[in-house]
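Below is one structure, written out as structure tokens; the observations come after it.
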Amino acid sequence: MPYDFLGIGDTVTDAFIRLKDAHVYCDIDKEKCQICMKFGDKIPYENVYVIPGVGNSANATVAASRLGLKSALYTNLGDDVYGVECVDALKKEGVGAELMLKHKDKQTNYHYVLWFEDDRTILIRHQEYEYKLPDIDKPAWIYLSSLGSNSLPFHEELEKYLTLQDGKIKLAFQPGTYQIKFGKDELAYFYGRAEVVLVNKDEAQRILEVSETDIKILLEEMHKLGSKIVVITDGPKGAYSYDGAEMLFMPAYPDPKPPYERTGAGDAFSSTLVSALALGKSLHEALMWAPINSMSVVQEVGARAGLLTKEKLEEHLKNAPENYKPQKI
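Every position in the sequence shown, counted from 1, becomes a number in the numbering used here once 200 is added.
Dropping the structure here:
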């Protein structure tokens, strides 16, 4: 049977290394802080957490599964123990595994996360897999996100497939690092075809190749790329949406305590919003769902542990402050 929610994107194992002896250096531009450690020294760390089967699209399929959608993931893995661990971890979450493809003599993506205080810096290395679109049937939603630097031919293949579906499959696009580097013109089809495009503020600036900081202008310019809905997140400050008729601001859900570790907060927001839309919720309702999963994720280590079930999410929604709702801007 076709899936409700199909994630497409690379999968990784994250090894979180919690640092003790480091400091953060910031100049006037607080957005460009640097983590500093003694060069050539032995740096103590507190502990290591190894979390297999994560990544933008992998996280999204887990979020969708926990919220009650039938989800699966198309991804590429190495023929190694880490690939086995990734598949096993996702299968335990109820994510369909038949489109998780292993490549002989290739390694599974493995990232090192330098975790200091409540934030992290990630050391990444993407394997170059031979991307080929398998038979994905006709899922109700496709959630497209981070793929490798050699994935342009795959995007062309996916574009041909979606064109043949005559709009029957809804597309959510959360562009990853290389998809942003390809440029908005190279991936114009996906920005224009998407039901919803989800980015953070910095990503919107890079996609548009501007230094503009006015969120209304960024929303307008991103919307001109063609999607029905644009969502721009701005970390703990909240998120914004524009559907061509109405601009909305959605505040963050209040944290029960200071964030423990911030990895996956953006993925949790984006995938929960799309999952809500896939469940038939309005944009207003979806905007109220999304920050709750972000709040929950930052209370745990990694991008998956804090993701909520539909019942738990709705419980938080019932206990939300009175002003927790989308506001026109």
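Note that the Cβ used here is the ideal one computed from N, Cα and C, for glycine as well.
Note that the structure is predicted; figures quoted are calculated from it, not measured.
Option nearest residue i by Cα separation, candidates the options
i, options, result
"Ile529", "Gly506, Ala445, Pro456", "Ala445"
"Glu328", "Lys306, Val284, Ser411", "Lys306"
"Arg393", "Ala404, Leu364, Asn400, Thr413", "Leu364"
"Ser351", "Lys401, Glu330, Cys233", "Glu330"
"Val295", "Asp241, Ala272, Asp280", "Ala272"
"Leu344", "Phe205, Val284, Cys286", "Phe205"
"Asp210", "His311, Lys270, Glu293", "His311"
"Lys302", "Glu522, Tyr282, Asp366", "Tyr282"
"Leu267", "Glu514, Glu522, Ile336, Tyr524", "Glu514"
"Ala258", "Asp279, Leu290, Asn309, Val474", "Leu290"
"Asp221", "Leu269, Glu285, Tyr440, Glu317", "Glu317"
"Lys437", "Ile415, Trp315, His423", "Ile415"
"Arg218", "Leu277, Asn400, Trp315", "Trp315"
"Leu362", "Asp385, Tyr389, Lys384", "Tyr389"
"Leu398", "Gln527, Asp443, Phe354", "Asp443"
"Ala505", "Glu293, Ile235, Phe239", "Glu293"
"Ile235", "Ser475, Asn523, Ile322", "Ile322"
"Phe354", "Lys332, Asp337, Leu371", "Lys332"
Residue range of the unbroken alpha helix (DSSP H) whose run includes residue i
i, result
"Arg393", "388-393"
"Ser496", "483-497"
"Ser475", "465-478"
"Ala289", "281-292"
"Arg462", "Segment: none, Arg462 is in no alpha helix (DSSP H) and carries neither H nor E."
Burial state of residue i, where buried means 16 or more other Cβ atoms lie within 10 Å
i, result
"Cys226", "exposed"
"Ser349", "exposed"
"Val396", "buried"
"Gly207", "buried"
"Thr275", "buried"
"Ile356", "The amino acid occupying residue 356 in the given sequence is Glu; Ile does not appear at that position. Looking at its Cβ environment, which holds fewer than 16 other Cβ atoms inside 10 Å, Glu356 is exposed."
"Glu461", "buried"
"Asn256", "buried"
"His223", "exposed"
"Ile342", "buried"
"Gln374", "buried"
"Thr509", "exposed"
"Pro202", "exposed"
"Lys360", "exposed"
"Pro521", "exposed"
"Glu386", "exposed"
"Gly304", "Looking at the sequence itself, residue 304 is Lys, so the reference to Gly does not match. Exposed is the call here."
Whole-Å CB distance - residue i paired with residue j, under 8 angstroms assumed
i, j, result
"Asp214", "Val254", "5 angstroms"
"Phe216", "Val262", "About 17 angstroms separates the two Cβ atoms, so there is no contact after all."
"Pro459", "Val501", "In fact, because the Cβ distance is near 11 angstroms, the residues do not count as touching under 8 angstroms."
"Leu418", "Glu412", "6 angstroms"
"Tyr391", "Leu347", "Their Cβ separation, rounded to whole angstroms, is 15 angstroms, which puts Tyr391 and Leu347 out of contact at 8 angstroms."
"Glu285", "Pro252", "4 angstroms"
"Ala404", "Met422", "6 angstroms"
"Val474", "Ala372", "4 angstroms"
Limits of the unbroken beta strand (DSSP E) element including residue i
i, result
"Lys370", "370-373"
"Thr308", "First-last for Thr308: undefined, no H or E at that position."
"Leu206", "205-208"
"Glu246", "245-254"
"Tyr537", "Any question about residue 537 goes unanswered here, given that the chain covers just 201 to 529."
"Tyr225", "223-225"
"Phe239", "Run containing Phe239: none; DSSP gives neither H nor E here."
"Ile324", "Here Ile324 belongs to no beta strand (DSSP E), and DSSP marks it neither H nor E."
"Arg218", "212-219"
Heavy atom of the ligand SAM within 6 angstroms of residue i beta-carbon
i, result
"Ile235", "In the structure shown, the ligand SAM is absent, as is every other ligand, since no ligand is present at all."
**Request:** Please confirm if the segment 423-442 is in contact with the segment 465-475, defined as three or more CB-CB distances below 8 angstroms between the two stretches.
**Result:** yes
**Message:** Taking contact to mean 3 or more Cβ pairs, one atom from each stretch, closer than 8 angstroms, check whether the segment 367-385 and the segment 479-496 are in contact.
**Reply:** no
**Asked** Given 8 angstroms as the limit, is there contact between the segment 481-496 and the segment 448-462, that is, 3 or more CB pairs closer than that?
**Response** yes
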